[in-house]
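Participant: One gets our numbering by counting positions in the sequence shown from 1 and adding 1 to each.
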Amino acid sequence: MANSRKHRDGGTVHKNTPADYVFYVINYAVFMLFALLCFFPFYYLFINTVSDNGEVFRGAITIYPKGIHFGNYTALQYVANLGRSVWITVSSTVISTAIMVFASAFAGYIFTKKNMWHRRLWYRFTIIPMYFNAGLLPWFLNMHSLGLTNNYLAYILPNIVVPFNIIMVKTYIESIPADIEESAVIDGAGTLKIFMKIMLPLSIPILATITIFGAVNRWNAFNDSLILMTTSPKLFTLQHRLYIYLTQSNNLEQLMRSGIKSNVQNLNQKVVQYTVSVVSTLPIVLVYPFMQRFFIKGIMMGAVKG
């Protein structure tokens, strides 16, 4: 392996100088430090949930766990309605994201068809919500008039059309060579068949990208549950429950203690807050590593054209 990194620029070969190596070292160090700063809060929460609760209460857990146990997580089973909130959040995230991705893909593909009736009009009509927002009160009145208050569908229907995602898909599909679609048309394929058999498989990177956007936004959604589900606690999302638990940690502590025999000792408010926070954030954090390679490719390809 050569001692210097080489690259070609206008037919000439450039060897790295000592200054280049200094830049590389500083560059890597800065980004590693930034990554560590982003990762450490999650790590800190986790080690405090699996450490001895007495040590956590004294603030003795900083870098590594002490007295490792997982009793705090098993104790969550005694918290009323937590399991239902997890189900509401998981199901709404999966269903909403799946429908949104398909709708965005189909709308983005249709908007690339030059023979679409009043294509520019409908495209501009679709992206108007990106620039104009009526505000919270009109939004609530609209949801109420549509019967979406205290209704599970409030987590699904408003998230189907996302203008930004449609633009991303449209831009990505426009980067696909037109010859592919033309060949399918010559072979007798219709619009729907071309979309399902050709465009969807070729658009996996951008679809993975908007899947991440949609899943994260839906998982972290809070206002719709807080404002729309006022008389239906059974429809509270996990994030809404987290808000309630963090503001009423005394009551939550008693709920967790009620079913504990001897496996969890020294349960306290701090441990309860840490444990619920990890349960609420960890699942969606674990999704990104599996989607990263598609995300990077999709976001770059989808941003080539305007």
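Here a beta-carbon is modelled for each residue, glycine too, at the ideal position from N, C-alpha and C.
Is the separation between the beta-carbon of V102 and that of I211 shorter than 8 Å?
Facilitator: In the sequence shown, the residue the question calls residue 102 occupies position 101. In the sequence shown, the residue the question calls residue 211 occupies position 210. Yes, the Cβ-Cβ distance between V102 and I211 is below 8 Å.
Participant: Counting pairs of Cβ atoms below 8 Å between the segment 127 to 138 and the segment 181 to 201, do you hit three or more?
Facilitator: Flag = no, the segment 127 to 138 and the segment 181 to 201 do not touch.
Participant: What would DSSP say about K16, mapped onto helix, strand or coil?
Facilitator: Along the sequence shown, one-based indexing puts residue 16 at 15. In the structure shown, K16 sits in a strand (DSSP, three-state: E or B).
Participant: If you draw a straight line from the C-alpha of N134 to the C-alpha of Y124, how long is it?
Facilitator: Here residue 134 is taken as the residue at index 133 of the sequence shown, counted from 1. Here residue 124 is taken as the residue at index 123 of the sequence shown, counted from 1. The alpha-carbon atoms of N134 and Y124 are separated by roughly 17 Å.
Participant: Using only alpha-carbon positions, find the residue among I157, G60, I64 that is nearest to F41.
Facilitator: What you label residue 41 is simply residue 40 of the sequence shown in a count that begins at 1. Among I157, G60, I64, the Cα nearest to that of F41 is on I64.
Participant: Measuring CA to CA, which of L287, Q270, V288 is closest to V59?
Facilitator: By one-based count along the sequence shown, residue 59 stands at place 58. Here residue 59 turns out to be Arg, not Val, going by the sequence shown. Comparing Cα-Cα distances from R59 to each of L287, Q270, V288, the minimum goes to Q270.
Participant: Just list the alpha helix (DSSP H) runs in the segment 120 to 169, keeping only unbroken ones of 4 residues or longer that don't cross its boundaries, in chain order.
Facilitator: Those alpha helix (DSSP H) runs which fall completely within the segment 120 to 169 and span 4+ residues are 120 to 128, 137 to 146.
Participant: For R219, which three-state DSSP category applies?
Facilitator: Taking the sequence shown and counting its residues from 1, the one referred to as residue 219 is at position 218. Helix, per DSSP.
Participant: Determine the direct distance from the alpha carbon of N224 to that of I311, and round the result to whole angstroms.
Facilitator: No answer is possible for residue 311: the residues shown for the chain start at 2 and end at 307.
Participant: Would you report the Cα separation of N54 and E175, rounded to the nearest angstrom?
Facilitator: Residue mapping note: residue 54 aligns to position 53 of the sequence shown, counting from 1. Residue mapping note: residue 175 aligns to position 174 of the sequence shown, counting from 1. So the two alpha carbons sit approximately 56 Å from each other.
Participant: In its own chain, which residues sit with a C-beta less than 6 Å from the C-beta of N264, not counting the 5 before and 5 after it?
Facilitator: Numbered from 1 along the sequence shown, position 263 holds the residue referred to as residue 264. Low confidence applies here, because N264 scores a pLDDT of 47, under 50, leaving its location unreliable; read the following figure in that light. Same-chain partners within the cutoff: G72.
Participant: Ignoring anything shorter than 3 residues, give me the beta strand (DSSP E) runs that lie fully in the segment 81 to 112, in order along the chain.
Facilitator: As far as the segment 81 to 112 is concerned, it has no whole beta strand (DSSP E) run of at least 3 residues.
Participant: What's the call for L243, buried or exposed, on a 16-neighbour Cβ count within 10 Å?
Facilitator: What you label residue 243 is simply residue 242 of the sequence shown in a count that begins at 1. Buried, by the Cβ-count rule.
Participant: DSSP state of F59, grouped into three classes?
Facilitator: Locating residue 59 in the sequence shown gives position 58, counting from the first residue. A small fix is needed here, since residue 59 is Arg in this sequence, not Phe. Three-state DSSP puts R59 in coil, outside helix and strand.
Participant: Does DSSP classify P66 as helix, strand or coil?
Facilitator: Here residue 66 refers to the residue found at position 65 of the sequence shown. If DSSP states are grouped into helix, strand and coil, P66 belongs with coil.
Participant: Let me know if F171 comes out buried or exposed under the rule of 16 or more other beta-carbons within 10 Å of its beta-carbon.
Facilitator: Translated into the one-based positions of the sequence shown, residue 171 becomes position 170. The residue asked about is misnamed: residue 171 is Lys in this sequence, not Phe. It counts as buried.
Participant: Here's the rule I'm using: 16 or more other beta-carbon atoms within 10 Å means buried, otherwise exposed. How should R1 be labelled?
Facilitator: Nothing about residue 1 can be read from this structure; the chain reaches only from 2 to 307.
Participant: Secondary structure at T282, three-state DSSP: helix, strand or coil?
Facilitator: Mapped onto the sequence shown, residue 282 falls at position 281. Three-state result, T282: helix.
Participant: Measure the C-alpha to C-alpha separation of I168 and G109 and round it to an integer number of angstroms.
Facilitator: Indexing the sequence shown from 1 puts residue 168 at position 167. Indexing the sequence shown from 1 puts residue 109 at position 108. Rounded to whole angstroms, I168 to G109 spans 7 Å at the Cα level.
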